[in-house]
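Q: For reference, the structure I am asking about is given below.
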Amino acid sequence: MNAPAKTEEFAVKIPDGVYAETVLSVEHYTDHLFRFRMTRPAGFRFRSGEFAMIGLMVGEKPIYRAYSIASPAWDEELEFFSIKVPDGPLTSHLQQIKPGDTVLMRKKPTGTLVLDALTPGKRLYMFSTGTGIAPFASLIRDPETYEKFEEVILTHTCRDVAELKYGFDLVEEIKNNEFLSEIVGDKLKHYATVTREDYAFTGRITDLIENSKMFADLGVPALDPAVDRGMICGSTAMLKDTKLLLENAGLTEGANNKPAEFVIERAFVG
Ligand code: A2P
């Protein structure tokens with residue numbers, strides 16, 4: 001029997017039924033955070049706010065983790081925003097990627113942080129901590145968000161100011177994009193706070209809702225289930241605490257098959 005050709009040897013390394021995409025750019029923000037962009041497979045469809053399973057071959061084995069797609073549905077590239085965990089099975093390798101490298105992606109995106117899971121409203125809150133901003137990076141760059149809502153409020157809370165940079169870059173990018181800036185106009189408000197450093201806005205978002213400082217800072221009325229809708233993405237504890245506050249304000253949790261007043265991403269822990 002002939003030895004397998006080199007190309008066949010290489011081909012067996014990529015598991016069946018997954019996309020193998022090429023890294024286009026990588027930007028490191030802090031020792032803990034980076035973003036990367038990669039090619040988008042022809043025929044890969046997703047709704048802004050969904051997540052996909054992203055992976056790398058580590059030795060002979062693929063390792064996958066759930067990653068929110070940070071780019072909007074119309075973008076011809078895919079963007080992801082990631083933490084770096086020194087001993088993380090995937091991120092310890094993923095943080096080393098360079099343009100030209102291959103990243104794996106399972107074929108089916110999914111998720112509940114989608115506009116379809118919310119009933120119509122006027123004001124959309126997106127509550128995020130840390131890398132939980134990623135699905136909202138997608139949604140704030142999607143024109144459909146502004147067709148459905150008169151006002152969009154993105155809250156982002158991190159420990160340090162340096163960790164907020166990705167969010168500020170996103171808002172700047174929207175302003176500098178002729179197509180998006182016209183659609184977004186002044187509908188988008190970005191409320192960035194930190195918890196472990198001095199800054200203009202400090203405190204956990206849960207505290208800032210409870211003591212009403214967030215509403216005062218933004219110049220908006222208290223939460224009202226008749227007009228306000230919410231999406232939440234962050235750590236398990238943050239999801240739980242923020243959900244409770246929305247429920248106390250009279251909002252009910254929705255899902256893809258049962259749209260309601262707010263949604264949470266349970267599969268994503270960032
Ligand atoms: P804090 O510094 O007070 O813990 P983490 O990196 O631990 O996920 O935290 C990201 C941000 O989310 C931090 O600013 C952190 O505040 C905040 N945070 C952590 N737990 C909660 C919670 N249960 N509710 C609201 N915010 C939280």
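Per UniProt numbering, the very first residue in the sequence shown carries number 1; after that it's consecutive.
Glycine residues also receive a C-beta, built at the ideal position from the N, C-alpha and C atoms.
1) Should residue 34 be labelled buried (16 or more other beta-carbon atoms within 10 Å of its own) or exposed?
2) I'd like the list of long-range same chain contacts for residue 255, defined as Cβ closer than 8 Å, with 5 residues on each side in sequence excluded.
3) In terms of residues, what are the limits of the alpha helix (DSSP H) holding residue 249?
4) Does the beta-carbon of residue 241, which I'm using as the reference point, lie nearer than 8 Å to any heavy atom of the ligand A2P?
5) Are the CB atoms of residue 71 and residue 114 nearer to each other than 9 Å?
6) State the DSSP-derived secondary structure class of residue 189, mapped to helix, strand or coil.
7) Compute every distance between the C-beta of residue 129 and the non-hydrogen atoms of the ligand A2P, then say whether any falls below 8 Å.
8) What is the residue span of the beta strand (DSSP E) that residue 92 lies within?
9) Could you check if residue 128 is buried or exposed, using at least 16 other CB atoms within 10 Å of its CB as the buried criterion?
10) Given a cut-off of 9 Å on the beta-carbon distance, is the pair residue 163 and residue 184 in contact?
11) Could you tell me whether the segment 102–111 touches the segment 208–216, using the rule of 3 or more Cβ pairs below 8 Å?
12) Any contact between the segment 226–234 and the segment 125–140? By contact I mean 3 or more CB pairs, one from each, below 8 Å.
13) Roughly how many angstroms lie between the CA atoms of residue 84 and residue 31, to the nearest whole one?
14) Where does residue 150 land, buried or exposed, given buried means 16+ other C-beta within 10 angstroms?
15) Exposed or buried, what is residue 244 when buried is set at 16 or more other beta-carbons lying within 10 Å of its beta-carbon?
16) According to DSSP, which residues form a beta bridge with residue 105?
17) With residue 192 and residue 219 assumed to form a contact (beta carbons below 8 Å), what rounded beta-carbon distance in angstroms separates them?
A: Reading off the structure:
1) That one is buried.
2) The residues are 112, 117 and 263.
3) Per DSSP, residue 249 belongs to no alpha helix (DSSP H) and is neither H nor E.
4) Yes, Cβ of residue 241 sits closer than 8 Å to a heavy atom of the ligand A2P.
5) In this structure, the beta-carbon distance from residue 71 to residue 114 does not fall below 9 Å.
6) Residue 189 falls in the strand class under three-state DSSP.
7) Result yes, Cβ under 8 Å from the ligand A2P.
8) For residue 92, there is no enclosing beta strand (DSSP E); the residue is found in the alpha helix (DSSP H) stretching over 91–94.
9) Counting the other CB atoms within 10 Å of its CB gives residue 128 a total of 16 or more, which places it among the buried residues.
10) Annotated as distal: residue 163 and residue 184, with beta-carbon spacing of 9 Å or more.
11) Contact between the segment 102–111 and the segment 208–216 is not established, with fewer than three Cβ pairs separated by less than 8 Å.
12) Enough Cβ pairs lie closer than 8 Å, so yes.
13) Looking at the two C-alpha atoms, the distance is approximately 7 Å.
14) Around the Cβ of residue 150, a 10 Å sphere holds fewer than 16 other Cβ atoms; the residue is exposed.
15) Only exposed fits residue 244, as fewer than 16 other CB atoms lie within 10 angstroms of its CB.
16) In DSSP, residue 105 forms a bridge with 19 and 54.
17) Actually they do not touch by this definition, with Cβ atoms about 16 Å apart.
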